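Asker: Numbering that gives the first Met the number 0 numbers the first residue of the sequence shown as 0 and each following residue consecutively. Can you read through this structure? Questions will come right after.
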Amino acid sequence: MPKFSDKLKNAEIALSFEDVLLLPGPSDVRPEEMDVSARIPPDLELKIPILSSPMDTVTGKRVVEVLGSLGGLGILPRNLPESEVFSILKSAREEGIPVGVAVGPSDTELAKKLAEEGASAVVIDSAHGHSRAVVNATAQLSSLGVPLISGNVVTAEAAKALAEAGATGIRVGVGPGHACTTREVAGVGCPQLTAIAQVADALEGKGVLVIADGGIEKPSDMIKALAAGAGAVMLGYLIAQSYESPGERIEVNGKCYKRYRGMGSRGALSSGSQRYGEFKKVPEGEEGFVECRGPLSEIIEYLIGGLKQGMGYVGARSIEDLQEKARFVRITPFASREGGPRGMLRDGSWGGSR
């Protein structure tokens, strides 16, 4: 039997955001009638389906405050000093703002303490959510009493393992992030849209929130992720471009830039991030600077506005309605070229710069 050649012949085709479009449908829904809320079991209600990535150049105190006030959820990174984490928890609790905190698979005692001190959600942060360590940690923390988010995964088997262990939210994505090099270094991953759909199918009816984590850089990516089965999205790159992100700010030729790095980058690993494994020698992330795009509130407004416009085209009143009514078409590279502005000088506005 040609075992190895059969592996290639039987390899499935997987899709990412740019490979598809949504078809419009009959609609009588208005933006003000739309419900874009999300719920992380058992009881965390979000007005918008957006979480921030637990990266040290993405989420800090200001992002937690602003995103929380807009109805989303900020997730503090696991390499933040504990004293700073508990200080942010205290102030967020006093202001009535939700805040999540990331921990490593071995940080079970810290996770329990965070839940006791008022963390709205605990995130077991790992690049490989199907590892024994993550599954075991999920099982150990399943009775915390707050939402427990585990990941990252891209397969049905991995999602089922974490759900059975007690996760109430599961992050989907291995390698799609703007600062992630896992696919280049390790050769593993799955195009994000297919990964979302596979996980969503595996978790249907189980009461677990599917969180699309990585690769989202514009509203159309977000609506496609939600239409493919995600209940919320996790953002890193876009939030890193906000004025409120904790990354270092510099100016080059009169333009503002913010530092952005993957948590598997050499700099993040040396500062205490162990997301990609304590003993790994080869980084799985890059670091550099991204251009500032403005206040976080404007970035979120742009995303939610685009989401609602897309829902209007589909005729959907809620994310659940979107998932029922969504119809995808695959497109060719030439069709992709057909779909955007061309032959004109663009004005450089936030939405127009995409």
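Just so you know, even glycine gets a beta-carbon here, dropped at the ideal spot from N, CA and C. Since the model is a prediction, treat every value here as computed from it, not as a measurement.
Fully enclosed by the region 53-139, which alpha helix (DSSP H) runs are 4 residues long or longer?
Answerer: Counting only runs of 4 or more, we get 60-68, 81-94, 107-115 and 131-139.
Asker: Just the C-alpha distance for Glu-93 and Val-133, rounded to the nearest angstrom, thanks.
Answerer: The sequence position of residue 93 within the sequence shown is 94, counting from 1. The sequence position of residue 133 within the sequence shown is 134, counting from 1. In a straight line, the C-alpha of Glu-93 is about 32 Å away from that of Val-133.
Asker: Taking 7 Å as the threshold (C-beta atoms), are Leu-321 and Val-328 in contact?
Answerer: Sequence index remark: in the sequence shown, residue 328 carries index 329 (1-based). Sequence index remark: in the sequence shown, residue 321 carries index 322 (1-based). No. Outside cutoff.
Asker: Quick test of your reading: Ser-208 and Ala-91, contact by CB under 8 Å. State the CB separation rounded to the nearest angstrom.
Answerer: Within the sequence shown, residue 208 is the residue found at index 209, counting from 1. Within the sequence shown, residue 91 is the residue found at index 92, counting from 1. As written in the sequence, residue 208 is Leu, which differs from the Ser given in the question. About 21 Å separates the two Cβ atoms, so there is no contact after all.
Asker: Apart from the five residues on each side of it in sequence, which residues of its chain come closer than 6 Å, Cβ to Cβ, to Ala-110?
Answerer: Position 111 of the sequence shown holds residue 110. If we look at Ala-110 and ignore the five residues flanking it on each side, its Cβ neighbours are Val-102, Val-121 and Leu-140.
Asker: DSSP beta-bridge partners for Lys-257?
Answerer: One-based indexing of the sequence shown puts residue 257 at position 258. According to DSSP, which records beta bridges pairwise, Lys-257 is partnered with Arg-248 and Val-289.
Asker: At 3 residues or longer, and completely inside the region 144-202: list those beta strand (DSSP E) runs for me, N to C.
Answerer: List check, beta strand (DSSP E) in window: 147-152 and 168-171.
Asker: Quick one: Cα of Val-57 to Cα of Leu-113, how far?
Answerer: Numbered from 1 along the sequence shown, position 58 holds the residue referred to as residue 57. Numbered from 1 along the sequence shown, position 114 holds the residue referred to as residue 113. The alpha-carbon atoms of Val-57 and Leu-113 are separated by roughly 20 Å.
Asker: Would you call Glu-277 buried or exposed, if buried means 16 or more other Cβ atoms sit within 10 Å of its Cβ?
Answerer: As a working note, residue 277 is residue 278 in the sequence shown. With a pLDDT of 47 at Glu-277, under the threshold of 50, the modelled position of this residue cannot be trusted; read the value that follows with caution. The residue in question, Glu-277, is exposed, as its Cβ has fewer than 16 Cβ neighbours within 10 Å.
Asker: Extract the residue ranges of the alpha helix (DSSP H) inside the region 205-247, only unbroken runs of 4 or more that lie entirely within it.
Answerer: Listed in chain order, the complete alpha helix (DSSP H) runs (minimum 4 residues) inside the region 205-247 are 218-226 and 236-239.
Asker: Quick one: residues in its chain with C-beta nearer than 6 Å to the C-beta of Leu-14, no 5 flanking neighbours on either side, listed in chain order?
Answerer: Locating residue 14 in the sequence shown gives position 15, counting from the first residue. Excluding positions up to five away in sequence, the list reads Pro-190, Leu-192 and Thr-193.
Asker: Ala-340: buried (16+ other C-beta within 10 angstroms of its C-beta) or exposed?
Answerer: Walking along the sequence shown from the start, residue 340 turns up at place 341. A small fix is needed here, since residue 340 is Pro in this sequence, not Ala. Label assigned to Pro-340: exposed.
Asker: Suppose you measure from the CA of Ala-199 to the CA of Asn-252; what does that come to, to the nearest Å?
Answerer: To locate residue 199, count along the sequence shown from 1; it is residue 200. To locate residue 252, count along the sequence shown from 1; it is residue 253. Going by the C-alpha atoms only, they are around 45 Å apart.
Asker: How would you label Asp-346, buried or exposed, when you count the other beta carbons within 10 angstroms and need 16 or more for buried?
Answerer: In the sequence shown, residue 346 corresponds to position 347, counting from 1. Asp-346 should be labelled exposed.
Asker: Taking only three categories from DSSP, how would you classify Ile-318?
Answerer: Your numbering for residue 318 matches position 319 in the sequence shown. Looking at Ile-318 - three-state DSSP - the assignment turns out to be helix.
Asker: Ignore the nearest five residues each way along the sequence and tell me which others in Ala-229's own chain have a CB closer than 6 Å to its CB.
Answerer: Position 230 of the sequence shown, counted from the start, is the residue given in the question as residue 229. Cβ neighbours of Ala-229 beyond the five flanking positions: Ile-195, Val-209 and Ala-211.
Asker: Please determine, among Glu-319, Ser-68 and Ser-125, the residue with the shortest C-alpha to C-alpha distance to Ala-226.
Answerer: In the sequence shown, the residue the question calls residue 226 occupies position 227. Minimum Cα distance to Ala-226 is reached at Glu-319.
Asker: Assuming Ile-169 contacts Ala-162 under a Cβ cut-off of 8 Å, what Cβ separation, rounded to an integer in Å, is found between them?
Answerer: Start at 1 with the first residue of the sequence shown, and residue 169 comes out as number 170. Start at 1 with the first residue of the sequence shown, and residue 162 comes out as number 163. About 7 Å; that satisfies the 8 Å criterion.
Asker: My output table needs one value for Ile-21: the three-state DSSP class, helix, strand or coil.
Answerer: For the purposes of this step, residue 21 is identified with residue 22 of the sequence shown, where counting begins at 1. First, the amino acid is wrong: residue 21 is Leu here, not Ile. Strand.
Asker: On the DSSP letters alone, give me the boundaries of the beta strand (DSSP E) that Ala-37 sits inside.
Answerer: As a working mapping, residue 37 is identified with position 38 in the sequence shown. Note, Ala-37: beta strand (DSSP E), 37-39.
Asker: If we count the other Cβ atoms within 10 Å of its Cβ and call it buried at 16 or more, is Met-343 buried or exposed?
Answerer: Locating residue 343 in the sequence shown gives position 344, where the first residue counts as 1. Met-343 is exposed by the Cβ-count criterion.
Asker: Who are the near neighbours of Gln-197 in its chain, counting only those whose CB is closer than 6 Å to its CB and skipping five residues on each side?
Answerer: Here residue 197 is taken as the residue at index 198 of the sequence shown, counted from 1. If we look at Gln-197 and ignore the five residues flanking it on each side, its Cβ neighbours are Ala-155.
Asker: DSSP on Leu-14, reduced to helix/strand/coil?
Answerer: In the sequence shown, residue 14 corresponds to position 15, counting from 1. Coil at Leu-14, not helix or strand.
Asker: Look at Gly-24 and Ser-51 and say whether their C-beta atoms are less than 7 Å apart.
Answerer: What you label residue 24 is simply residue 25 of the sequence shown in a count that begins at 1. What you label residue 51 is simply residue 52 of the sequence shown in a count that begins at 1. No.
Asker: With a 10 Å radius around its C-beta and 16 neighbouring C-beta atoms as the bar for buried, classify Gly-304 as buried or exposed.
Answerer: Working through the sequence shown from its first residue, we reach residue 304 at position 305. Flag for Gly-304 reads exposed.
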